[in-house]
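All remarks here apply to the structure that follows.
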Amino acid sequence: MNKTFAIMATALALASCSSNKNVKPLDITGQWSIVSAMGKSTEGGERPAFIKFDEKGEMNGNATVNHFFGGYELKDNQISFTNIGMTRMWGSSMEIETAISQALDQAATIQAEGNKMYFFNSSNDTIMTLVKE
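Following my numbering, the numbering of the sequence shown begins with 489 at its first residue and continues without gaps.
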């Protein structure tokens, strides 16, 4: 019985090592243009919409009118934002601004493909599309 357990434990350890060998963690650091949020294009906003992630877990950006900032946590493809703050000015592209705020609140997972990144909510709906600057 002990020999069978040892063989199974060794096989499991080897399988877990080999399956993680090709897994590369997502690197989202840098500045990303926000193309759309909650189905709304950001084109035509007062200012370009973007989000910038640093390696320390902090982010900031512009939602076309107001600036936002806070923290983020990324584990595998799961993302969460913490302590989000935002300036509170009024502008002509407030619908876009609201969509970006909602997407940040609902973001659960991400997928990065080349220079594009997608945020998904907990129902796996695409809620934000970004392009690396």
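C-beta atoms are modelled at their ideal positions from N, C-alpha and C, and glycine is treated no differently.
Remember, it's a predicted structure, so these values are computed and weren't measured experimentally.
Within the same chain, show all residues whose beta-carbon is closer than 8 Å to that of N603, passing over the 5 residues directly before and after it, in chain order. V619 and K620
With DSSP collapsed to three states, give me the class of L562. strand
Entirely enclosed beta strand (DSSP E) segments - the stretch 571-604, minimum 3 residues: 597-601
When R535, W520, N565 and T570 are compared against I598, the one with the closest alpha-carbon: N565
Excluding the five sequence neighbours on either side, which residues of its own chain have a C-beta within less than 7 Å of the C-beta of S580, listed in chain order? E534
If I'm right that N550 touches M577 with Cβ under 8 Å, what's the distance once you round it to whole angstroms? The pair is not a contact, with the Cβ atoms about 11 Å apart (cut-off 8 Å).
My assumption, with CB atoms under 8 Å, is that W520 sits in contact with M605. Please give the rounded CB distance. 6 Å
Own chain partners of T517 with C-beta closer than 8 Å, once the 5 adjacent residues on each side are dropped: F541, D542 and E543
Are the beta-carbon atoms of F538 and S589 separated by less than 9 Å? no
How about M616 and S524: do their beta carbons lie closer than 9 Å? yes
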